[in-house]
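Let me begin by presenting the structure, written as structure tokens, before commenting on it.
Number of protein chains: 2
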Amino acid sequence: MDDISASPPGHTEGRRGRRGSGKVRITDVAKLAGVAPITVSRVLNAPSSVAAETLRRVQEAINRTGYVPNMLAGGLASSRSHLIAALVPTIASPVFQATWEALTETFSGAGYHVTFGQTGYGGAREDELIKTMIARRPDGIVLTGIMHSPSGRRRLIEADIPVVETWDLTPTPIDMLVGFSHEHIGEAVAKYLHGKKKIRIAVITAADERARRRAKGLATGAARLGIATILAPEVPMFVAAAPGTLGSGRKGLIDLLARHPEVDAVFCSSDMLALGVMIEAQARGIPVPERIAVVGYGDLNFAVDTVPALTTVSVDGPAIGRLAARCIIDRAQGRSVAEPIVDVGFSIVERASA
Amino acid sequence: MDDISASPPGHTEGRRGRRGSGKVRITDVAKLAGVAPITVSRVLNAPSSVAAETLRRVQEAINRTGYVPNMLAGGLASSRSHLIAALVPTIASPVFQATWEALTETFSGAGYHVTFGQTGYGGAREDELIKTMIARRPDGIVLTGIMHSPSGRRRLIEADIPVVETWDLTPTPIDMLVGFSHEHIGEAVAKYLHGKKKIRIAVITAADERARRRAKGLATGAARLGIATILAPEVPMFVAAAPGTLGSGRKGLIDLLARHPEVDAVFCSSDMLALGVMIEAQARGIPVPERIAVVGYGDLNFAVDTVPALTTVSVDGPAIGRLAARCIIDRAQGRSVAEPIVDVGFSIVERASA
DNA sequence: AGGGCCAATGGTAGCGCTACCATTGATTTG
DNA sequence: CAAATCAATGGTAGCGCTACCATTGGCCCT
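Chains A and B, in that order, are what the protein sequence lines are.
Here the first sequence is numbered in this note's numbering, starting from 61 and rising by one per residue.
Here the second sequence is numbered in this note's numbering, starting from 61 and rising by one per residue.
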């Protein structure tokens, strides 16, 4: 009872039975520590409910054996997988980076692991992905944008898992929501550029639904102010796979100037596009912002270092991540979520390019 | 036996017993289809072993009930989680993007889901992360770079899970390896710049171990060629968290020119840094490549569109991803892996900047 | 025709963990 | 001082699935 006899750090003692991984299990640790398996479980999941001396003994046994709990088994038994599924267009998009970082960080602090599933910007694999995600029984699901597909919505609702939609706004979320209005951004940019005496505003955008809504907002705002907009056709290259690239920004400006030489301002759907526009402008000797003003979106870390420094739309990405995580954690702990719909807003960061 | 009577698409029939998710289980589907649970399991996991008519009936039952298998239970029972853990510095780094994309794609095609764990560039949380990853019993683990920490190596070996190390080379991998030599890259760049009559080469690098080894390779190569190098101290900002930024590239060049005005070439540890260098050079009226040549690393999608177009080191990222996935898939299927150590090499893409 | 073989399906017994209730002994309370 | 309370621990019975080994019936072979 008080003798913790060391056993050789368990392996190759002939795999037991017909199945099993042949690895250390909770019962092995329990035996070594002279307690019941459930006590080891408590040491791991609710250490405050175990006596100090017992805690010590069990922890020593864990170290001695190199025990690593099997979360598949734990999750199955407790219906808590400690897993969060995040559906994102692509993990590499710098626009969302800060959000996923904060999300991961916040969840990690609460004992959850975030796993990302990539839907692609078209959202084609979305439905299939939701199914495979639900198959792992996550404790929460975070979506990028609003889930539009009815089948996807149904699946999520039937799965009975807390869901947070992010980076957008709708009066009818599936469950919870942390985002902002893309239409309002467009309108605000129109107003901003109007204030800068720009009257012929164009848009260069990647084929992204939310970007398109920002463009629509711009058109609405401009119309209201009585100024012209030129909604350029989508930049044809690089559009599908990823957020806009430097190259498509350059091509966008070339195309735009060919068709509408009178343009005096461009609203880009990402800072990378905006950088491309400015590089092309510089190559052609077009002064920014005097001749053409450029506004980006995302406020990426390089925006402050471009020449001229980029005026851009900034969204508090980390806040979205933190709040989304909070929503799910609160829900998981049985607390009711005070604000199931949060608008984090946005701001226009004025620099030199517009 | 032949009557598939519809039951109301199961929910809210009062959660059974004291536990359980209250959701459709495999037995519910089996009952509805008039078969044993194991047959439903086979429909899902080995459909070719089931008669066509049975297959049809079971699939209809699955659709009717909206059944989504519980992979926690399945994984526990079969010791196959269909999960792959990938440890990466940060998911957002554009340098690795193509690799993770190909990796995810290849695994996805074989029925695996890839989950990413972020170690941070310092690798501080690495050990802890490995533990939590192993707790989910992945069928394979993919590492970015070589695992150096002895405790990490031990854990991985004891876990008895296939491991692939990537993006680097070592004669003593834990298990399998797909990468290339960073030293050789440095040497090749030295040779390349020497061929361009550059004799005072500097390095601007992020605080990344592999980047530092490329710099070392450059020094080695330059020394062998009898030309000078200036190994600049690390750019002090943005260094820890992420790959180099545009801003740190600009700062790097400023710093370098202040201390070593004679510099005639700069090797950057990432294309983003290189872009920053070129922007700063342009702002100062320094002609690239005539006065200073710039070489990047990564061959990111914007490299071809910078002004001047960026000469950079290209690595076949997708190949690394595909091959790493193949290694693990082969191993999982009991096949022996023909080449457990693969050197994918690299190339220098000559454009205008050097 | 009898044996062997194979394709298709099922019964049973776990996988490794935790929820749910005991149970124990020590401590408090009226 | 008996009853009630509490902190600490344990026994039992699953969680939902699949490995393993039958079992069944049809087909081929000699």
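From the three backbone atoms N, C-alpha and C, an ideal C-beta is built for every residue, glycine too.
What you are looking at is a predicted structure, and each value in this text was computed from that prediction instead of being measured.
{"Query": "If we cut at 8 Å on Cβ distances, does residue 297/A have a partner in chain B?", "Result": "For residue 297/A, the predicted model reports a pLDDT of 31, less than 50, meaning its position is unreliable; a value from the coordinates is still stated below. It does not; no Cβ of chain B falls within 8 Å."}
{"Query": "Taking just the CA atoms, how far does residue 176/B sit from residue 415/B?", "Result": "Because chain B in this structure spans residues 61 to 414, residue 415/B falls outside the shown range and cannot be described."}
{"Query": "Specify whether the region 400-407 of chain B and the region 361-376 of chain B touch according to this definition: at least 3 beta carbon pairs, one from each stretch, less than 8 Å apart.", "Result": "yes"}
{"Query": "Helix, strand or coil for residue 404/A, going by three-state DSSP, please let me know.", "Result": "coil"}
{"Query": "In chain order, which beta strand (DSSP E) runs of at least 3 residues are fully inside the region 150-235 of chain A?", "Result": "173-178, 200-204, 223-226"}
{"Query": "Might you give, ordered along the chain, the residues of its own chain that have their beta carbon closer than 6 Å to the beta carbon of residue 237/B, omitting 5 neighbours on each side?", "Result": "225, 401"}
{"Query": "Could you give the DSSP three-state label for residue 143/A: helix, strand or coil?", "Result": "strand"}
{"Query": "What residues of chain A sit near residue 303/B, judged by a beta carbon separation below 7 Å?", "Result": "Here the premise fails: no neighbours, minimum Cβ distance about 11 Å."}
{"Query": "Listing by chain order, which chain A residues have their CB less than 7 Å from the CB of residue 175/B?", "Result": "175"}
{"Query": "Buried or exposed for residue 141/A, please, with buried defined as at least 16 other CB atoms from any protein chain shown within 10 angstroms of its CB.", "Result": "buried"}
{"Query": "Given residue 163/A, which residues of its chain have a CB within under 7 Å of its CB, disregarding the five upstream and five downstream residues?", "Result": "146, 174, 202, 381, 384, 385"}
{"Query": "Buried or exposed for residue 247/B, please, with buried defined as at least 16 other CB atoms from any protein chain shown within 10 angstroms of its CB.", "Result": "buried"}
{"Query": "Using only alpha-carbon positions, find the residue among 122/A, 271/A, 100/A, 321/A that is nearest to residue 333/A.", "Result": "271/A"}
{"Query": "If you follow the alpha helix (DSSP H) that residue 281/B is in, where does it begin and where does it stop?", "Result": "269-285"}
{"Query": "Would a check of beta-carbon distances place residue 412/A closer than 8 Å to chain B?", "Result": "no"}
{"Query": "List, in order along the chain, the chain B residues whose C-beta lies closer than 9 Å to that of residue 140/A?", "Result": "What residue 140/A touches in chain B: nothing, since even the nearest Cβ is about 10 Å away."}
{"Query": "Taking residue 262/B as part of the beta strand (DSSP E), name the residues at either end of that continuous run.", "Result": "260-264"}
{"Query": "Taking Cβ to Cβ, would you say residue 357/B is nearer than 8 Å to residue 274/B?", "Result": "yes"}
{"Query": "Would you list, in sequence order, the uninterrupted alpha helix (DSSP H) runs of no fewer than 4 residues that lie entirely inside the region 329-353 of chain A?", "Result": "331-343"}
{"Query": "Can the beta-carbon of residue 136/A be found less than 8 Å from the beta-carbon of residue 143/B?", "Result": "no"}
{"Query": "What's the gap between the Cα of residue 194/B and the Cα of residue 222/B?", "Result": "11 Å"}
{"Query": "Three-state secondary structure (DSSP) at residue 76/B?", "Result": "Here the model assigns residue 76/B a pLDDT of 41, short of 50, so the residue's position is not dependable and the matter cannot be decided."}
{"Query": "In or out: residue 393/A buried (at least 16 other Cβ within 10 Å) or exposed?", "Result": "exposed"}
{"Query": "Under 8 Å by Cβ, that's how I've got residue 324/A and residue 259/A pegged, so tell me the actual separation to the nearest angstrom.", "Result": "7 Å"}
{"Query": "Who are the Cβ neighbours of residue 167/A in its own chain at under 7 Å, not counting the five residues just before and after it?", "Result": "144, 174, 385"}
{"Query": "Quick one: Cα of residue 155/B to Cα of residue 303/B, how far?", "Result": "9 Å"}
{"Query": "Return no unless some Cβ of chain A is closer than 8 Å to the Cβ of residue 294/B.", "Result": "For residue 294/B, the predicted model reports a pLDDT of 40, less than 50, meaning its position is unreliable; a value from the coordinates is still stated below. Not closer than 8 Å to any Cβ of chain A, the Cβ of residue 294/B fails to qualify, so no."}
{"Query": "Go through its chain and collect everything with a Cβ distance to residue 158/B's Cβ below 6 Å, but skip five positions before and after it.", "Result": "377, 378"}
{"Query": "With contact counted as at least three CB pairs below 8 Å, one residue from each stretch, are the region 279-292 of chain B and the region 304-311 of chain B in contact?", "Result": "no"}
{"Query": "Please name the residues in the region 318-350 of chain A whose beta-carbon is closer than 9 Å to at least one beta-carbon of chain B, in chain order.", "Result": "332, 335, 336, 339, 340, 342, 343"}
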